[in-house]
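Number of protein chains: 2
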Amino acid sequence: MIVTLAQLNYHIGHFEANLAKMIDAIAQARREGSDLIVFGELATCGYPPRDFLEFDEFIRRSENAIEELCKHSQGIGIVLGAPERNRDPRGKNLFNAVYLLSEGKVQFVQHKTLLPDYDIFDEYRYFEPAKNWGVAEFRGKKLALTVCEDIWDTGMKDPLYTVNPLDEMMQFRPELIINVSASPFHASQVRKRRSVVLENVTRYKLPMVYVNHCGAQTDLIFDGGSLVVNSKGTVVAELPYFEEGIVTFDMGAAEESPGIAERPLGKTETIYKALVLGIKDYFDKLGLKKAVLGLSGGIDSAVTAVLAVDALGAQNVTGLLMPSQHSSRHSVDDALQLANNLGMPHHVLGISAAYDTLVGQLQGVFAGLAADVTEENIQARIRGIYNMAFANKFGATLLNTTNKSEMAVGYGTLYGDLCGGLCVLADVYKTEVYELAEWINTNGERIPQNSILKAPSAELRPDQKDTDSLPPYDVLDKLLYGYIEDRMGENRLIEAGFDGELVRYVLKLVNRNEFKRYQTAPVLRVSSKAFGLGRRMPIVAKY
Amino acid sequence: MIVTLAQLNYHIGHFEANLAKMIDAIAQARREGSDLIVFGELATCGYPPRDFLEFDEFIRRSENAIEELCKHSQGIGIVLGAPERNRDPRGKNLFNAVYLLSEGKVQFVQHKTLLPDYDIFDEYRYFEPAKNWGVAEFRGKKLALTVCEDIWDTGMKDPLYTVNPLDEMMQFRPELIINVSASPFHASQVRKRRSVVLENVTRYKLPMVYVNHCGAQTDLIFDGGSLVVNSKGTVVAELPYFEEGIVTFDMGAAEESPGIAERPLGKTETIYKALVLGIKDYFDKLGLKKAVLGLSGGIDSAVTAVLAVDALGAQNVTGLLMPSQHSSRHSVDDALQLANNLGMPHHVLGISAAYDTLVGQLQGVFAGLAADVTEENIQARIRGIYNMAFANKFGATLLNTTNKSEMAVGYGTLYGDLCGGLCVLADVYKTEVYELAEWINTNGERIPQNSILKAPSAELRPDQKDTDSLPPYDVLDKLLYGYIEDRMGENRLIEAGFDGELVRYVLKLVNRNEFKRYQTAPVLRVSSKAFGLGRRMPIVAKY
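Note that the protein sequences, when read in sequence, are chains R and G.
In short: position in the first sequence from 1, add 2, done, that's this note's numbering.
In short: position in the second sequence from 1, add 2, done, that's this note's numbering.
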């Protein structure tokens, strides 16, 4: 059987565009003599559609797309994911389904069994799990059709689910496993996903075709990397990462293939690629062209600028240099050097005059009170106004440059440096920002060396350094990782060797700043636990 | 059997405070000769604990609280909700459980079956549903113990679930149904909840004790209203709304009771009470005392000020009047009148000087470009800076005054009038804000009549009116209700009689402004579909 894997970049709710893409891929598959083409999960509507699924018209448009695809299924099988209505009044009104279309009609539908409802996933919100299983028969082969999470229960010690759909399907003696996925990227997910596919092949001794999405949907970045594995567990095809790919493959020949070498992607390289794609798709899919960001001379804004320039083109990214009386000379120099290195437009807009006026106006109300964090925040907020004014006037979108360490401990000013339509680095710890900067500079200096080497500072008061109020980032980041990614509480962190006082101080900072994170832009997700919908902590609570 | 209903205001994660409250209630029940005291759902830890449930230490603290409560169960039964670990490795690691404690130990545990995973609920994220059912035996009575949603599948046409736990329990012939709930308020929920309880009583011909939480948890407001209903369907006790209550009741006598009259609460009155409680608990539970808000002379800020004053006391709520060159004389007069009516501190802080400086600084970058929405936003953002500067300097929390109609169509400036730690009115449509204002003025003018009567305006350019860019609020609000609360799409709205062009215009406004709502503070929820975690629409999508 000749199978085509179509790893596409869908646009949520853009049924026409998604359909046109799929029809093009079908035509290519047909030209390449394919028996069967396989798309991703919820391919008609894009993933994750979230509460769009509660709109009847949205489901009807997906049904119309299926009908259209049926018309293109003469002489070729089409496997794709799409919602299906639940005809039983009991239970949720939809299934997350995988369809087999051929000869002009729907030949087979299998519902998804394992509905992820953790981290960024909310599938049980919309879908009823499958309670019946079967296999599709197509051109003399029995196909086990599965959807994403369905293959992720691979006999681990603490399984999330109480049933295993592939175990159930085995009674029908399938000969090939097909999985349609929408599996978002995070830095350790590429390896994890590959090993999950291989574990299924080993467990069932069946070849497997695994098709993922690529492309970003607001915060989620789908990295592709679709796979064909033969029944011996040899990876015989791997589609590209972070780009679309349509590849046709002979499953018969696959059994005898020596396989392809694993192309290990470095963690920093994948994060770089994910963030560039994340920015690009945010702009492309919203019809935006121009970005603006503040350039402080520091490493966060420098890395963000590089990522934006690589995603959108230098001419589309404007930097604003907004020095104050507390800015050091090198801050402006380093920012200018960066803008010149990248060839991006930039403007210098001092904030001292505005600061003096605003503070002067407040003099009456603040009479007799000493300067404190209030005045620091006013500086950051004037920069917020300038950034947003530029964005409004020129139709640009402001990029937020906050990193994950700052975002975690609330080291940032709400409505100041926390402004922006998209948080580019807020899932990248400060220590990882340095790794990104070094990686970016591998083939020559794009980020000024001084931005990398100097001690981090918010420059909101004389001689301020981040380490005045925070532990060194190598310690802080490990502690934050334990709390955020590994959900270790105070006691477990102390048992793990962190200083008790430090643990209590840092956890208090993280917890007390839930309210800031609640009000920041979507965060491009590159870790297993990003701020946003994937991490739901109460604001009002006793921490 | 003598039963005590304990309708308490829990604090999420504050195990000591919750435990102390429960122990006090047990002592009172004991004094009143009670056999059994009933608390709410997840009473040890508060509801909703969200991702706290993923922390082992959090669960351990709940287990410790259960142990402590056991020590207080000599001679009295204690029914309460709390998480329980799932000892089966398969499935999620927790159950949402109801416990019966007595004579020093856990006598019985029943797991929750129906896990709500819609709107603001995410229970399947954490909990495994029950697959086994039983009844607790206590002092010669068989008790059917249920948790919140377990009683909500009352034989409707399109049930969300495929099992019904009470149906399953009936084989064990229970004599009393007990439900421990955490059922949040919205304007039609009081009536709905009462009828659900009555439907269960009618269906099973059993008396029922229903215990809800009261008190607010960030955005969610639990309104209490716990009930005792005898087997004939007569409501024999109803606990207060929006306050704690501990009431002891003889279930034997209940069967012969003539019942109590229904005390219908007006919609506007309940919204008022809910919002006051929402503000109060946000401040109390976070240890905050002082609030600040901008007073524009308009109705939204006036209503917000009244609610804040009623929640926190006039001396704790400061109003900032921040006129610009576009502010009408009556704006300042009306705001001053309001502040005087309420007896709240206030300051006048003009924004013209700051505006002139900021716009002057931008002159170089904006050379040759006409004034547009950029300059309007700068005005709103200067007010944001003043509000936040006051909040920072005096340790106050800024209250956001945006209403739901504005929030829906994006009629507001991000980092300007959309600033604030809590959105007080953002789940109240503009037409409902008028109803609130009228209700507030029932016993004399607190809100100046002119704020109610004048045409709404943002006053960001000369003679601006809301109706310059929006349809009249009575039309707009109905359309928004159809789209937001009723999830009607474009076609269904047009079928329902709305003008096609208007529908497309308004839906486009709502959809294009997802990015603003993503960055606004938590919204006190008083409708069945509030902005926030209960409504999850993609930002990047083709709408």
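Virtual Cβ for every residue (Gly too), placed ideally from N, Cα, C.
Around the beta carbon of A355/R, a 10 Å sphere encloses fewer than 16 other beta carbons of the protein chains shown; the residue is thus reported as exposed.
Taken in chain order, the members of the stretch 29-62 of chain G whose beta-carbon sits within less than 9 Å of a beta-carbon on chain R are G48, P50, P51, R52, D53, F54, E56, F57, D58, E59, F60, R62.
Here the C-alpha atom of P473/G lies approximately 23 Å from the C-alpha atom of S330/G. Contact with chain R is found for Q521/G, since one of that chain's Cβ atoms lies less than 8 Å from the residue's Cβ. For K510/G, the enclosing alpha helix (DSSP H) starts and ends at 502-514. Around the beta-carbon of I180/R, 16 or more other beta-carbon atoms lie within 10 Å, marking it buried.
If you compare the alpha carbons of M171/R, K275/R, W154/R, V375/R with that of W441/R, the shortest gap goes to K275/R. Taking the C-beta atoms as reference points, T403/G is found nearer than 8 Å to L427/G. Here the stretch 85-99 of chain G makes contact with the stretch 154-162 of chain R; the two share three or more CB pairs at distances below 8 Å. In terms of Cβ geometry, L495/R and A410/R do not form a close pair [threshold 8 Å]. Annotation: M171/R is outside any beta strand (DSSP E); the continuous alpha helix (DSSP H) that includes it extends over 167-171. Rounded to the nearest whole angstrom, the CA to CA distance from I281/R to E201/G is 52 Å. Between Y120/G and R127/R, the CB-CB gap stays under 8 Å. Contacts between L351/R and chain G, judged by CB atoms closer than 9 Å, involve Q363, L364, G366, V367 in chain order. By the Cβ criterion, the stretch 445-454 of chain G is in contact with the stretch 335-343 of chain G, since at least three pairs of Cβ atoms, one from each stretch, lie closer than 8 Å. Taking a contact to require three or more Cβ pairs closer than 8 Å, the stretch 280-295 of chain G and the stretch 249-269 of chain G do not qualify as touching. Note on geometry: alpha-carbon atoms of I78/R and L44/R lie some 20 Å from one another. Under the 8 Å Cβ criterion, the stretch 99-106 of chain G does not count as touching the stretch 7-27 of chain G, having fewer than three qualifying pairs.
When secondary structure is reduced to three states using DSSP, K531/R falls in the coil class, being assigned neither helix nor strand. Taken in chain order, the unbroken stretches of beta strand (DSSP E) that lie wholly in the stretch 168-245 of chain R and span 3 residues or more are 178-182, 210-213, 216-219, 222-225, 229-231, 237-240. At a cut-off of 8 Å between beta-carbon atoms, P540/R makes contact with chain G. At a cut-off of 4 residues, the continuous stretches assigned as alpha helix (DSSP H) that sit fully inside the stretch 385-435 of chain R are 406-411.
Taking a beta-carbon distance threshold of 8 Å, H13/G counts as an interface residue toward chain R.
With respect to the 8 Å criterion, Y485/G and L509/G are classified as neighbours on the basis of their beta carbons. At least one beta carbon of chain G lies nearer than 8 Å to the beta carbon of M390/R.
Against chain R, the CB of F224/G has no partner CB under 8 Å away; the residue lies outside that interface.
Per DSSP, reduced to three states, the secondary structure at K114/R is coil, with no helix or strand assignment.
For Y507/R, there are no C-beta contacts with chain G under 8 Å, since the nearest C-beta of that chain is about 17 Å from it.
Under the three-state reduction of DSSP output, E139/G falls in the strand class.
Exclusion of the five residues before and after M490/R leaves G484, A498 as the residues of its chain whose Cβ lies within less than 8 Å of its Cβ. Around F533/G, no beta-carbon contact reaches into chain R at under 7 Å, the shortest distance being about 12 Å. Judged by DSSP secondary structure, Q9/G falls outside any alpha helix (DSSP H) and instead within the beta strand (DSSP E) spanning 4-9. Here E487/R is actually not in contact with K432/R; their C-beta atoms are around 15 Å apart, not less than 8 Å. At a beta-carbon threshold of 8 Å, none of the residues of chain G lie near T115/R; the nearest stands roughly 13 Å away.
By the neighbour-count criterion, in which 16 or more other beta carbons inside 10 Å mark a residue as buried, G83/G falls on the buried side. Contact of R141/R with chain G is not assigned, every C-beta pair being separated by 8 Å or more.
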